[in-house]
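2 protein chains.
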Amino acid sequence: MDPHLLRTFVAVATTGSFSAAASELGYTQSAVSQHIAALEQTLGIAVLNRRPVTPTLAGERLLEHAGAILLRIEAARADVLRVVGEPPGAIVFAATPLAGAARVARALTRLRQDRPGLSVTFAVADRDEVARGVASGTYHLGLIDGVAAPSDPLKLPDVGPLRTSAVAQEKLAVVVPEEHPLAARRRIGLRALVDARWIDAPVVSAALDDLRAAVETDSLRPALTYTGADLLTLLELVAAGHGLAVLPVSAPVPAGVRRIIVDTPRLVHRTELLHGHLAEPAATALIGVLSSTSERSGPSGGSVVE
Amino acid sequence: MDPHLLRTFVAVATTGSFSAAASELGYTQSAVSQHIAALEQTLGIAVLNRRPVTPTLAGERLLEHAGAILLRIEAARADVLRVVGEPPGAIVFAATPLAGAARVARALTRLRQDRPGLSVTFAVADRDEVARGVASGTYHLGLIDGVAAPSDPLKLPDVGPLRTSAVAQEKLAVVVPEEHPLAARRRIGLRALVDARWIDAPVVSAALDDLRAAVETDSLRPALTYTGADLLTLLELVAAGHGLAVLPVSAPVPAGVRRIIVDTPRLVHRTELLHGHLAEPAATALIGVLSSTSERSGPSGGSVVE
DNA sequence: TCAGCTTACGCCGAGCGTAAATATG
DNA sequence: CATATTTACGCTCGGCGTAAGCTGA
Numbered sequence: 008m009d010p011h012l013l014r015t016f017v018a019v020a021t022t023g024s025f026s027a028a029a030s031e032l033g034y035t036q037s038a039v040s041q042h043i044a045a046l047e048q049t050l051g052i053a054v055l056n057r058r059p060v061t062p063t064l065a066g067e068r069l070l071e072h073a074g075a076i077l078l079r080i081e082a083a084r085a086d087v088l089r090v091v092g093e094p095p096g097a098i099v100f101a102a103t104p105l106a107g108a109a110r111v112a113r114a115l116t117r118l119r120q121d122r123p124g125l126s127v128t129f130a131v132a133d134r135d136e137v138a139r140g141v142a143s144g145t146y147h148l149g150l151i152d153g154v155a156a157p158s159d160p161l162k163l164p165d166v167g168p169l170r171t172s173a174v175a176q177e178k179l180a181v182v183v184p185e186e187h188p189l190a191a192r193r194r195i196g197l198r199a200l201v202d203a204r205w206i207d208a209p210v211v212s213a214a215l216d217d218l219r220a221a222v223e224t225d226s227l228r229p230a231l232t233y234t235g236a237d238l239l240t241l242l243e244l245v246a247a248g249h250g251l252a253v254l255p256v257s258a259p260v261p262a263g264v265r266r267i268i269v270d271t272p273r274l275v276h277r278t279e280l281l282h283g284h285l286a287e288p289a290a291t292a293l294i295g296v297l298s299s300t301s302e303r304s305g306p307s308g309g310s311v312v313e
Numbered sequence: 008m009d010p011h012l013l014r015t016f017v018a019v020a021t022t023g024s025f026s027a028a029a030s031e032l033g034y035t036q037s038a039v040s041q042h043i044a045a046l047e048q049t050l051g052i053a054v055l056n057r058r059p060v061t062p063t064l065a066g067e068r069l070l071e072h073a074g075a076i077l078l079r080i081e082a083a084r085a086d087v088l089r090v091v092g093e094p095p096g097a098i099v100f101a102a103t104p105l106a107g108a109a110r111v112a113r114a115l116t117r118l119r120q121d122r123p124g125l126s127v128t129f130a131v132a133d134r135d136e137v138a139r140g141v142a143s144g145t146y147h148l149g150l151i152d153g154v155a156a157p158s159d160p161l162k163l164p165d166v167g168p169l170r171t172s173a174v175a176q177e178k179l180a181v182v183v184p185e186e187h188p189l190a191a192r193r194r195i196g197l198r199a200l201v202d203a204r205w206i207d208a209p210v211v212s213a214a215l216d217d218l219r220a221a222v223e224t225d226s227l228r229p230a231l232t233y234t235g236a237d238l239l240t241l242l243e244l245v246a247a248g249h250g251l252a253v254l255p256v257s258a259p260v261p262a263g264v265r266r267i268i269v270d271t272p273r274l275v276h277r278t279e280l281l282h283g284h285l286a287e288p289a290a291t292a293l294i295g296v297l298s299s300t301s302e303r304s305g306p307s308g309g310s311v312v313e
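Listed in order, the protein sequences are those of chains A and B. For the first sequence, my numbering assigns the number 8 to the initial residue and increments by one for each residue that follows. For the second sequence, my numbering assigns the number 8 to the initial residue and increments by one for each residue that follows.
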């Protein structure tokens, strides 16, 4: 279970070819073959079928672990190296689409005033990607969003210990096309909508899975799934009547769709800041700026915006 | 970041000595020294202070990761080997003290009827220990308990993917000495007790941390902490007036203490069964027996006992 | 037949132990 | 000065590449 062997195994399993994995990793085909042979020998069980190259049952189980293990090792290295704390001239930043580009923009403005020379890179990615990136040191800071019970932390993928701090909590809103029969309503409970047509857009809206867990129902079946990262596209799909979606109330809503506040209790949109154990000075400053963007309320911080 | 080096590092850091770690691992002192040197060289930072041997700041960070990584690797191996599925003549079983020895006893009786030759080992451990043991294959099955919101899964240590299934949910009770002013009450809210004297016994009662999270208060300060695994000792401490504790209502209560049902909503005692991805036939049978011990109710299974 | 994985074999370096050197309290 | 870690050094074995062998579509 040498990490090198695991890395090779992952490469072979994902490419479906020993030779492709070899060139990807900078090995010869022979070395890759030996790696897999060694892995199978120590485990005492075959992990790959040959011709065509596919994972065996055992290999599928191993594949599920291997990525996590390699990531965990990367995260450990990044975490240890953070204590050296070289002050970066640049800061790399990632956020999920709904985590509030507006909030980030405001924070960066404040940060620029304090540290004029600082170069900032800003990336958008989905929640897992942000968490993985922050853990492994690719990003210095991450901003993620999701649906949870008030003051409950968001569920993160198993990526090792990360510091999180709540940045904001706000109510949820259902977005509906303006000709929708309910469009005139100001508030509604989610349970009243379990049989509506839904768009599942886990990247740019509340994932239906999260809503389902909160409503404790097995329905909320998606009529359409949108995996893209563009909020405007989702809103156009809603306007065109393809289904409803749930967003934080602060999300911008263009013409053609209406926003109905969700008054299901114990269900809020939450934004959290993710960072490593010891953040660099610039990051620390940014944490301060982001956190102070909204007033604190309650023991776990963050404000509730309606 | 070779796992061998990590293992050596953990041994040195925990024993506080190169030579002790060497004999523990079956290496020479020299090899251990070389391991640590290699680790520090690849990381580019010292992880141990010498004379006395203590982890540096970076070493403390590494230590936090190293155990988890090694455990994760063990868990992966165990998980892969489970697909071979040799039918064990013996089954090894672990449970937390409050997870219901009575329930286990009943299940084992049923199991014995089906499989007379089966040898069963039963161990008691705390929650983390059970989770770690099941993940790494030491135990085939684990039964854990804890406090959570109804139908919320228990929080597990980061130990890799484990299958869990709810076995039971029941209400909580505060146990108080019989001369306590509130002893005659049948029900009480936790908030009314935030300023009481508490005993924090995370192994054999609801951990105060869990209660605090649910009550959303920073108080509930422990007057006494009991880390032992013996429920009777805890109850004697309660009877002697050292403080209150929260238990599931089904816990046996001897003379000298009274039980007051906690009617704080959204707070239940939950018992879950833990097992690996593919359980062996015997384990599968036991899962069935344990799960059918109580009727199912609600989408996530398990019954609510008052 | 041939593309692609496996096996044979030789070389180099990693890693261990023995033993001498060194540092600390 | 005693105890404990580091360094020197030689040996063995693991792991990689080259090249030949094998096998299924």
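Don't be surprised by glycine CBs; every beta carbon is placed ideally from N, CA and C. Predicted model, so just to flag it, every value in this text is computed and none were measured.
Determine whether the Cβ of residue i lies closer than 8 angstroms to any Cβ atom of chain A.
i, result
"V154/B", "no"
"P160/B", "no"
"A83/B", "yes"
"P164/B", "no"
"L50/B", "yes"
"A190/B", "no"
"P168/B", "yes"
"I206/B", "no"
"I76/B", "yes"
"V91/B", "yes"
Give a yes or no on whether the minimum CB-CB distance between residue i and chain B is below 8 angstroms.
i, result
"S172/A", "no"
"R79/A", "yes"
"H72/A", "yes"
"D86/A", "yes"
"R68/A", "yes"
"A109/A", "no"
"M8/A", "yes"
"I151/A", "no"
"I195/A", "no"
"V141/A", "no"
What three-state label does DSSP hand residue i in the structure shown?
i, result
"T171/A", "strand"
"H72/A", "helix"
"S126/A", "strand"
"I43/A", "helix"
"P62/A", "strand"
"I267/A", "strand"
"V166/B", "coil"
"I52/A", "coil"
"S24/A", "coil"
"R119/B", "helix"
"A236/B", "coil"
"S212/A", "coil"
"A108/A", "helix"
"T15/A", "helix"
"E223/B", "coil"
Across which residues does DSSP place residue i in a beta bridge pair?
i, result
"G149/B", "A101/B, L281/B"
"H276/B", "V154/B, E177/B"
"A252/B", "V182/B"
"P229/B", "W205/B"
"R194/A", "I268/A"
"V131/B", "A102/B"
(message) Within 8 angstroms, do at least three Cβ pairs link the segment 233-243 of chain B to the segment 200-220 of chain B?
(response) yes
(message) For the pair the segment 151-161 of chain B and the segment 217-226 of chain B, tell me if three or more CB-CB distances fall below 8 angstroms.
(response) yes
(request) Determine contact between the segment 256-274 of chain B and the segment 171-181 of chain B, defined as no fewer than three beta-carbon pairs at a distance below 8 angstroms. (result) yes
(request) Evaluate the contact criterion for the segment 258-272 of chain B versus the segment 189-196 of chain B: three or more CB pairs, one atom per stretch, below 8 angstroms. (result) yes
(message) Counting only Cβ-Cβ distances shorter than 7 angstroms, please list the residues of the segment 266-284 of chain B near chain A, keeping chain order.
(response) H284
(request) Report yes or no: do three or more beta-carbon pairs, one from the segment 49-69 of chain A and one from the segment 44-64 of chain B, lie closer than 8 angstroms? (result) no
(message) Using 8 angstroms as the cut-off, can you tell me whether the segment 139-152 of chain A makes contact with the segment 235-253 of chain A, which would need three or more C-beta pairs spanning the two stretches below that distance?
(response) no
(message) For the structure I just gave you, are there three or more beta carbon pairs, one from the segment 101-112 of chain A and one from the segment 67-84 of chain A, closer than 8 angstroms?
(response) no
(request) Compile a chain-ordered list of the residues in the segment 12-42 of chain B whose CB is closer than 9 angstroms to at least one CB of chain A. (result) L13
(message) Residues of the segment 52-64 of chain B in Cβ contact with chain A at a cutoff of 9 angstroms, in chain order, please.
(response) I52, V54, T63, L64
(message) Tell me which residues of the segment 248-266 of chain B have at least one Cβ-Cβ distance to chain A shorter than 7 angstroms, keeping chain order.
(response) none
(request) Would you check if the segment 138-145 of chain A and the segment 109-123 of chain A touch, i.e. whether three or more CB-CB distances between them fall below 8 angstroms? (result) no
(request) Report yes or no: do three or more beta-carbon pairs, one from the segment 245-264 of chain B and one from the segment 123-134 of chain B, lie closer than 8 angstroms? (result) no
(request) Could you name the residues of the segment 114-144 of chain B whose beta carbon sits closer than 7 angstroms to any beta carbon of chain A, in the order they occur along the chain? (result) none
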